[in-house]
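Step one of this worksheet: look at the structure below.
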Amino acid sequence: MKEQLAKIRAEALSAFENVRDAAALDELRVRYLGKKGELTAVLKQMGRLSAEERPAMGQLANEVRAALENALDTASKKMEEAALSAKLKAETVDVTIPGRQVQVGRRHPMNTALDEMKEIFTGMGFTVLDGPEIELSELNFDRLNAGEGHPSRDWSDTFYFDTDERVMLRSQTSPMQVRAMDTLPLPIRMIAPGRVYRKDEVDATHSPMFHQVEGMVIDKGVTMADLKGTLATVAQRLYGPDTKTRFRPHHFPFTEPSCEMDVQCHKCGGAGCPTCKGEGWIELLGAGMIHPRVLEMAGIDPNEWSGWAFGFGLDRLAMLRYKIDDVRLIFENDVRFLEQF
Ligand code: PHE
């Protein structure tokens with residue numbers, strides 16, 4: 188029995204010494220110190236010893252148990268320490284490593300142009316409205332005095348959602364005039380920027396989706412002089428105080444009279460250059476006095492109220508401003524292009 192105890196002690200101590208992980212350590216504990224372990228098995232044989240032999244053997248057995256428990260304790264402490272130092276090592280932060288460079292974005296040139304417009308118009312007392320891109324043809328056409336058979340209603344120009352041609356992608360921001368008349372109290376001063384859609388083939392100057400800014404004023408005693416004065420001031424704010432504007436007659440179904448406004452080319456001063464395609468003038472927007480019938484359809488008495496409206500292409504404005512010669516660059520969002528602004 189003495190030899191058995193010595194053998195268990197030697198084996199167990201070396202096993203505890205070399206154990207690698209917690210699971211293995213627990214296995215060893217059960218194997219040597221557990222209720223069904225090797226030491227217990229030996230102790231169970233104590234009954235067979237004589238009364239003289241028993242105390243010495245009991246003492247030896249206790250010594251062996253104490254030694255084993257001690258070894259178990261040491262092994263599990265070692266393991267905890269190893270786990271802690273591994274964890275500390277894994278979580279080390281090297282504060283001397285240079286930080287990752289953050290890529291700072293830039294404002295899209297079109298948004299810069301829009302911000303500029305908003306600032307000019309809010310400074311003149313206009314509110315900024317937002318409206319749906321999916322619009323009723325009733326608001327995009329009928330309420331704007333472009334009834335059945337008007338050429339702009341054609342399937343070849345307009346994205347309809349249904350064969351009844353009732354719902355469409357708005358082809359202009361002008362339905363926002365109607366929405367403003369239907370919802371806002373008079374007088375009204377508003378601009379409404381946003382996306383519009385037309386069935387145009389993509390090329391350097393066309394895109395089936397582009398941006399417009401609509402503007403409208405309705406008040407008492409508003410005349411064409413207000414339209415011209417305000418829009419000429421806007422052009423000067425955009426292109427400098429010496430900017431010259433000219434108004435040409437035009438036609439829109441929802442304005443009467445209607446006009447287009449050109450600015451004298453800020454590049455060549457009117458002499459003609461590539462920017463203005465040799466014209467000396469650059470077309471900037473469409474405008475006009477709101478047609479009395481449009482006011483009437485909104486329940487506004489044209490004998491009491493009058494107004495004017497305008498609409499211009501934001502993409503074109505940004506292109507002029509930043510000398511961008513291809514509209515596709517505005518929508519492709521190639522960072523090599525956008526980084527230049
Ligand atoms: N909606 C017109 C267009 O897209 C522009 C316009 C707006 C003209 C307001 C007059 C008044 O061409």
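With my numbering applied, the sequence shown covers 188 to 528. Every residue, glycine too, gets a C-beta built ideally from N, C-alpha and C.
Could you tell me whether the segment 398-416 touches the segment 330-341, where touching means 3 or more Cβ pairs closer than 8 Å? Contact fails between the segment 398-416 and the segment 330-341, because fewer than three Cβ pairs, one in each stretch, are under 8 Å apart.
With a threshold of 8 Å, are at least 3 pairs of Cβ atoms found where one atom belongs to the segment 372-379 and the other to the segment 339-350? Short answer: they don't touch.
Minimum C-alpha distance to Phe439 - residue among Val217, Trp495 and Gly456: Position 252 of the sequence shown, counted from the first residue, corresponds to residue 439. Selected option, being the one with the closest Cα: Trp495.
Could you tell me if the beta carbon of Gly310 falls within a distance shorter than 8 Å of some heavy atom in the ligand PHE? By one-based count along the sequence shown, residue 310 stands at place 123. Because no heavy atom of the ligand PHE lies under 8 Å away, the Cβ of Gly310 does not count as near it: no.
Excluding sequence positions up to five away, which residues of its chain have a Cβ less than 7 Å from the Cβ of Tyr219? Your numbering for residue 219 matches position 32 in the sequence shown. Closer than 7 Å at Cβ, skipping near neighbours: Ile195, Ala199, Glu225, Leu226 and Leu255.
Out of curiosity, what's the CA-to-CA distance linking Phe497 and Asn520? Within the sequence shown, residue 497 is the residue found at index 310, counting from 1. Within the sequence shown, residue 520 is the residue found at index 333, counting from 1. Going from the Cα of Phe497 to the Cα of Asn520 covers about 29 Å.
Spatial neighbours of Arg153 in its chain, beta-carbon cut-off 6 Å, leaving aside the 5 residues before and after: Nothing about residue 153 can be reported from this structure: the residues present for the chain run from 188 to 528 only.
Met368 and Leu316 closer than 9 Å at C-beta: Locating residue 368 in the sequence shown gives position 181, where the first residue counts as 1. Locating residue 316 in the sequence shown gives position 129, where the first residue counts as 1. Cβ distance not < 9 Å, so Met368 and Leu316 don't count as in contact.
Less than 9 Å between the beta carbons of Phe308 and Gly381, yes or no? Locating residue 308 in the sequence shown gives position 121, counting from the first residue. Locating residue 381 in the sequence shown gives position 194, counting from the first residue. The answer is no: Cβ separation not under 9 Å.
Around the Cβ of Gly456, are there at least 16 other Cβ atoms within 10 angstroms (buried) or fewer (exposed)? As a working note, residue 456 is residue 269 in the sequence shown. When all chains shown are included, Gly456 counts as exposed.
Can you give the Cα-Cα distance for Leu275 and Pro285, rounded to whole angstroms? Within the sequence shown, residue 275 is the residue found at index 88, counting from 1. Within the sequence shown, residue 285 is the residue found at index 98, counting from 1. Going by the C-alpha atoms only, they are around 21 Å apart.
Please list the segments of the alpha helix (DSSP H) lying wholly inside the segment 468-505, counting only runs of 4 or more residues, in order along the chain. Listed in chain order, the complete alpha helix (DSSP H) runs (minimum 4 residues) inside the segment 468-505 are 479-484.
Evaluate contact between the segment 394-401 and the segment 474-485, counting only Cβ atoms and requiring at least three cross-stretch pairs below 8 Å. With contact defined as three or more Cβ pairs closer than 8 Å, the segment 394-401 and the segment 474-485 are not in contact.
Out of Met188, Ala211 and Val404, point me to the one whose CA is closest to Thr442's CA. Walking along the sequence shown from the start, residue 442 turns up at place 255. When C-alpha distances from Thr442 are compared across Met188, Ala211 and Val404, the shortest belongs to Val404.
Between Glu466, Leu212, Leu236 and Thr417, which has its C-alpha nearest Gly312's C-alpha? Mapped onto the sequence shown, residue 312 falls at position 125. The shortest Cα separation from Gly312 among Glu466, Leu212, Leu236 and Thr417 belongs to Thr417.
For the ligand PHE, is there any heavy atom lying closer than 8 Å to the beta carbon of Thr442? Position 255 of the sequence shown holds residue 442. Thr442: yes, Cβ under 8 Å from the ligand PHE.
Tell whether a beta-carbon distance below 9 Å holds between Ile469 and Met297. If you number the sequence shown from 1, residue 469 lands on position 282. If you number the sequence shown from 1, residue 297 lands on position 110. Going by C-beta atoms, Ile469 is not nearer than 9 Å to Met297.
Quick one: what's got a C-beta closer than 8 Å to Tyr426's C-beta in the same chain, skipping five residues either side? Looking up residue 426 in the sequence shown gives position 239. Taken in chain order, the residues that qualify are Val450 and His453.
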